[in-house]
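Numbering (the working numbering), first residue to last: 118 to 385.
Even glycine gets a Cβ: it sits at the ideal position worked out from N, Cα and C.
A quick write-up on the structure given underneath.
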């Protein structure tokens with residue numbers, strides 16, 4: 118049976134983060150139920166705060182200590198004056214999810230600030246183009262997220278070029294180790310920031326060559342999550358067919374875009 122649910126990702130992300138007891142002081146279960154409920158009419162002045170306008174290159178005033186254990190839950194109280202801070206990082210698929218999540222929480226007036234840091238054409242393989250471990254360290258110090266959601270993989274079917282200048286050939290054991298190392302650096306930073314981390318196993322792709330990498334990335338990310346305490350969510354198990362394969366239409370709705378990689382609005 119097909120397992121796709123349009124609301125499953127935001128529900129999974131917020132549902133397990135424990136916080137407090139109504140929408141002004143909300144528990145994660147309350148927030149999850151509110152995300153699932155029909156959105157009320159949009160009221161003037163309703164929306165998330167303007168933290169998304171910050172640049173990822175902003176100089177952080179606080180220096181984070183990297184490493185340590187990743188927390189499993191958000192334990193602080195959440196309120197309208199001190200909302201839950203959810204940061205989304207990764208490639209253009211992450212950017213799309215971040216935009217969808219922003220819309221959901223804004224429409225429902227929830228005490229959640231979505232900090233969307235998804236960036237088109239980026240990944241973990243090309244730190245010479247965009248250094249995600251280094252950039253995330255600055256983001257985490259500046260924005261202090263309670264929860265981080267990461268989606269990587271779609272642009273990574275190529276040799277790894279580290280910020281240090283080292284190059285690692287694609288489809289080798291050294292590549293696998295270096296790729297996991299890139300993600301582990303991000304997770305170490307998140308642990309130092311005290312952020313709960315959700316690592317998404319990338320969704321299947323219509324292109325067979327790219328899909329081979331995405332299947333490998335799922336396995337590598339699952340291993341890293343198991344080793345570090347990050348929450349791993351397999352998107353092939355949620356958005357794929359019975360065997361995790363690519364599907365474009367589910368339950369009568371087109372969930373993937375024409376390029377075979379991104380999601381439609383219905384897909385998010």
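Residue closest to residue i, alpha-carbon to alpha-carbon, out of the options
i           : options               : result
residue 353 : 333, 224 and 305      : 333
residue 339 : 269, 227 and 205      : 269
residue 276 : 202, 356 and 295      : 295
residue 204 : 310, 186 and 224      : 310
residue 81  : 346, 359 and 215      : Residue 81 is absent from the model: the chain starts at 118 and stops at 385.
residue 223 : 197, 235, 239 and 208 : 197
Residue environment, residue i, which counts as buried when at least 16 other CB atoms sit within 10 Å
i           : result
residue 141 : For residue 141, the predicted structure reports a pLDDT of 37, less than 50, and the residue's modelled location is therefore unreliable. A value from the coordinates is still provided. Exposed.
residue 299 : buried
residue 246 : exposed
residue 362 : exposed
residue 193 : exposed
residue 242 : buried
residue 225 : buried
residue 335 : buried
Residue i to residue j span [Cα, whole Å]
i           : j           : result
residue 264 : residue 314 : 6 angstroms
residue 206 : residue 248 : 12 angstroms
residue 190 : residue 210 : 25 angstroms
residue 260 : residue 307 : 12 angstroms
residue 218 : residue 317 : 15 angstroms
residue 348 : residue 257 : 18 angstroms
residue 237 : residue 305 : 24 angstroms
residue 254 : residue 345 : 17 angstroms
residue 370 : residue 379 : 15 angstroms
residue 240 : residue 322 : 16 angstroms
residue 364 : residue 358 : 6 angstroms
residue 244 : residue 287 : 15 angstroms
residue 186 : residue 278 : 28 angstroms
residue 221 : residue 373 : 20 angstroms
residue 199 : residue 252 : 25 angstroms
residue 289 : residue 262 : 34 angstroms
Same chain, Cβ closer than 6 angstroms to residue i, five either side skipped, listed in chain order
i           : result
residue 108 : This structure cannot settle anything about residue 108, because the visible part of the chain is limited to 118 through 385.
residue 302 : 250
residue 101 : In the structure as shown, the chain begins at 118 and stops at 385. Residue 101 is therefore absent and cannot be evaluated.
residue 291 : 285
residue 342 : 316 and 349
residue 235 : 205, 207, 211, 212 and 215
Residues near residue i by beta carbon distance below 8 angstroms, same chain, minus five either side
i           : result
residue 330 : 270, 273 and 274
residue 337 : 293, 296, 297 and 300
Chain C within 9 angstroms of residue i, Cβ atoms only
i           : result
residue 321 : The chain labelled as chain C is not found in the depicted structure, where only one protein chain is given.
Beta-carbon proximity list for residue i, same chain, < 7 angstroms, skipping 5 on both sides
i           : result
residue 188 : 311 and 313
residue 381 : 371, 372, 373 and 374
Three or more C-beta pairs below 8 angstroms linking the region 283-293 and the region 228-238: no
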